[in-house]
Amino acid sequence: MKLTTAGESHGKCLVGIIEGLPSNMPVDIQFINSLLSLRQSGYGRGGRQKIERDEIEILSGVRDGKTLGSPLAFAVVNRDYENWKPYMAPEGADTSCRRLTRVRPGHADLTGMIKYDTDDARNILERASARETAVRVAAGGIAMCYLKRLGVCVSGYVRSVGGVRDDGEYAFEELEEAKKHPLFMLDGRIEAEAMAAIDRLKEEGDTAGGVIEVRVKGLKSGFGSCMQYSKKLDALICSAVMSVQAIKGVEIGLGFAAAQRPGSAVHDEIFLKDGRPCRATNNAGGIEGGMSNGEEIVVRAAMKPIPTLMRGLNTIDTATGLAARAAGERSDVAAVCACEIIVESVVAFAVAEAVADRLGGDNLREVEERYSLLP
Ligand code: EPS
C-alpha cells in the first residue's frame, strides 16, 4: 500500500492517490469526514479553519461505496482558493503580491528558497504547510476502514500542551473520550490549565507545542520484520510520524525513559495464560525485534510550537539582506489536537502498509481469510 500526496495550501485542492488496496473494501466516507472535521477542531486554532470545511471527494477507485482494487484517488478542496486565485492560479498569477521574504525561523522558508532557487518563500511554504495533512488524515481514514475489517483499532489523546502535562495512564477504551474535550486531553483540570496557557501565549503573540499518544489495539503478532531493517514495524511507524510537519521526537513504549532503567525494569516478562504466551507489562509498546508482539502498540510524538509567531522572531529579509522581524502570517497558537488526529492517521496508514505487505490479497475476502488464519 502506498500514498502519494500533492497540493498547495492555497491552491485549488489537495490530492492523494492510494495504491494497493484490496477490492470490495467498504469505504466509510462519513467516518473519514468526521476525522477531517476533528483535524480542523480544537482550542487554539487560527482563522483558516473558519474558512475551510474539509471533506473527501473520491475521484476514482471506489464504486457504490466499495473499493475496486484500482488506485484510489481523492481530493480535499481548499475553499480559500477563491480568495487566492489571483496569486496562485497555475494559468497565470500575480506573484508580486503575497510575497514572503521575512523568513520564519523554524519553517521551511529559508532553506527551501535556497534549495529550490526562488526569491519568494511563498513557493516553498505553500507546499510545506501543515495543510497537506488534510490528505494524510483522509488516507489514514481509509487505512482505518481496512484495519477495522481485521478488528484493529487506532485511538489516541493529547498528553501535554504548552508545557502543561498529564502523566496519567489510561485504558484504550477511555481514549475515545478525549475527542469530546477542547484539547483532546483526558483530565479536565489539567486541560483547563493548558487552555489558560494557550490564552497567555496568544496574548504574547507566541505559540505552543505538545505531546500526543497514539495506540493501536487488536493487531496480531508478527507484522513488520526482524529480517530486514527497512521492514521493521517501529521504523515504519516512526518514519511516518516523523514525516508529519512540526514533529521533532517519536518514541515507542517506554522510549527515552527505557535508557534510564535497568533491563529488569524495562523488558516485559513472558507468562503462559490459558496456554498462550502473554506479558504482564507493555514497556516495549507492542513491538519487539521490529515486529508486533500482539500487545497494544504505543507511540508518543513531540510536536514543536508552530513557527509562525504573531510577534515575529529575529530573522533576515531576503529581499533587502537586512535584519528583520519574521513575517507574522495568520497562524494557529496551538494545533496539538489537529496533530493528534494526524498522528493517528499516519500510524494507521503505516500499520495498514505492514499488514498489506505481509498478507497481500487482491480482494477483501483474501485479506480477511489470511488474517484469520494467523495465530
Ligand atoms: C493549516 C492551514 C494553514 C495554516 C497551518 C495549517 O492555513 P493558512 O496558511 O492559510 O493560515 O493555518 O499551517 C501552518 C501551521 C504552516 O506553518 O503553514 C491546516 O489546514 O491545517
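To convert a position in the sequence shown, counted from 1, into my numbering, add 1213. Glycine included, each C-beta is placed from N, C-alpha and C at the ideal position.
Short of 6 angstroms in beta carbon distance, which residues of its chain neighbour Gly-1259, apart from the five on each side in sequence? Order them along the chain. Within the sequence shown, the letter at position 46 stands for residue 1259. Around Gly-1259: Arg-1543, Ser-1544 and Asp-1545.
Beta carbon of Arg-1362: closer than 7 angstroms to some heavy atom of the ligand EPS? Position 149 of the sequence shown, counting from 1, holds the residue named residue 1362. No - the ligand EPS has no heavy atom lying nearer than 7 angstroms to the Cβ of Arg-1362.
So is Ser-1624 buried or exposed if we call it buried at 16+ other beta carbons inside 10 Å? What the structure shows of the chain is the stretch from 1214 to 1588, and residue 1624 is not part of that stretch, so it cannot be assessed.
Which partner residues of Asn-1527 appear in the DSSP bridge assignment? Counting from one through the sequence shown, the residue named residue 1527 turns up at place 314. Asn-1527 is bridged to Arg-1538.
Helix or strand or just coil, what does DSSP make of Met-1398? Position 185 of the sequence shown, counted from the start, is the residue given in the question as residue 1398. Here Met-1398 sits in coil by DSSP.
How big is the Cα-Cα spacing for Val-1512 and Leu-1535? Start at 1 with the first residue of the sequence shown, and residue 1512 comes out as number 299. Start at 1 with the first residue of the sequence shown, and residue 1535 comes out as number 322. If you take the alpha carbons of Val-1512 and Leu-1535, they lie about 43 angstroms apart.
Would you call the CB atoms of Gly-1319 and Ser-1373 closer than 8 angstroms? Along the sequence shown, read from residue 1 onward, the residue named residue 1319 stands at position 106. Along the sequence shown, read from residue 1 onward, the residue named residue 1373 stands at position 160. Against a cut-off of 8 angstroms, the Cβ pair of Ser-1373 and Gly-1319 comes out as no contact.
Could you work out which residue in Ser-1505, Lys-1433, Ile-1450 and Cys-1552 is closest to Glu-1581 when comparing CA atoms only? Indexing the sequence shown from 1 puts residue 1581 at position 368. Ranking Ser-1505, Lys-1433, Ile-1450 and Cys-1552 by Cα distance to Glu-1581 puts Lys-1433 first.
Taking a contact to mean a Cβ-Cβ separation below 8 angstroms, would you say Ala-1532 touches Thr-1308 in this structure? The residue given as residue 1532 occupies position 319 in the sequence shown. The residue given as residue 1308 occupies position 95 in the sequence shown. Against a cut-off of 8 angstroms, the Cβ pair of Thr-1308 and Ala-1532 comes out as no contact.
Given 8 angstroms, three or more beta-carbon pairs between the region 1219 to 1230 and the region 1560 to 1573: no
Tyr-1300 lies in the alpha helix (DSSP H); which residues open and close that run? Counting from 1 along the sequence shown, the entry for residue 1300 is found at position 87. From DSSP, the alpha helix (DSSP H) with Tyr-1300 extends over 1294 to 1301.
By DSSP, does Thr-1217 sit in helix, in strand, or in coil? The residue you call residue 1217 lines up with position 4 of the sequence shown. DSSP places Thr-1217 in strand when its eight states are reduced to three.
CB of Arg-1524 to nearest heavy atom of the ligand EPS: below 7 angstroms? For the purposes of this step, residue 1524 is taken as the residue at position 311 of the sequence shown. Checking the Cβ of Arg-1524 against the ligand EPS gives no.
Name the one or two DSSP bridge partners that Cys-1235 has. Along the sequence shown, read from residue 1 onward, the residue named residue 1235 stands at position 22. Note that residue 1235 corresponds to Pro in the displayed sequence, not to Cys. According to DSSP, which records beta bridges pairwise, Pro-1235 is partnered with nothing at all.
Residue from Val-1350, Leu-1323, Ala-1421 and Glu-1304 with nearest C-alpha to Leu-1251: As a position in the sequence shown, residue 1251 is number 38, starting the count at 1. Of the candidates Val-1350, Leu-1323, Ala-1421 and Glu-1304, the one whose C-alpha sits nearest the C-alpha of Leu-1251 is Val-1350.
Does the pairing of the region 1356 to 1371 with the region 1297 to 1312 give three or more beta-carbon distances under 8 angstroms? no
If you reduce the DSSP assignment to three classes, tell me which class Phe-1484 lands in. Stepping through the sequence shown from its first residue, residue 1484 is reached at position 271. The answer is strand: DSSP assigns Phe-1484 an E or B state.
Segment contact, 8 angstroms Cβ cut-off, at least three pairs: the region 1505 to 1521 with the region 1458 to 1470: yes
Where Gly-1255 falls, given that 16 or more other Cβ within 10 Å makes a residue buried: Locating residue 1255 in the sequence shown gives position 42, where the first residue counts as 1. Buried, since its Cβ has 16 or more Cβ neighbours within 10 Å.
Measure from the alpha carbon of Asp-1332 to the alpha carbon of each residue in Arg-1340, Leu-1323 and Glu-1339, then state which is nearest. In the sequence shown, the residue the question calls residue 1332 occupies position 119. Taking only the C-alpha atoms, the option nearest Asp-1332 is Leu-1323.
Quick one: what's got a C-beta closer than 7 angstroms to Asp-1379's C-beta in the same chain, skipping five residues either side? The count along the sequence shown starts at 1 and reaches residue 1379 at position 166. Only Arg-1372, Ser-1373, Met-1398, Leu-1399, Asp-1400 and Ile-1403 meet the Cβ criterion.
Under the three-state reduction of DSSP, which class applies to Thr-1280: helix, strand or coil? If you number the sequence shown from 1, residue 1280 lands on position 67. Of the three classes helix, strand and coil, the one that applies to Thr-1280 here is strand, per DSSP.
Residues bridged to Ser-1431 [DSSP beta-bridge criterion]: Position 218 of the sequence shown, counted from the start, is the residue given in the question as residue 1431. Reading the sequence as shown, one finds Gly at residue 1431 and not Ser. Answer by DSSP bridge pairing: none, since Gly-1431 is not bridged.
Three-state secondary structure assigned by DSSP to Ile-1337: Walking along the sequence shown from the start, residue 1337 turns up at place 124. DSSP places Ile-1337 in helix when its eight states are reduced to three.
Supposed close pair Val-1427, Val-1556 - CB separation, criterion 8 angstroms: Numbered from 1 along the sequence shown, position 214 holds the residue referred to as residue 1427. Numbered from 1 along the sequence shown, position 343 holds the residue referred to as residue 1556. Going by Cβ atoms, the distance from Val-1427 to Val-1556 rounds to 5 angstroms, so yes, they are a contact pair.
Local conformation of Asn-1506 per DSSP, three classes: On the sequence shown, residue 1506 is found 293 positions in, with the first residue counted as 1. Of the three classes helix, strand and coil, the one that applies to Asn-1506 here is coil, per DSSP.
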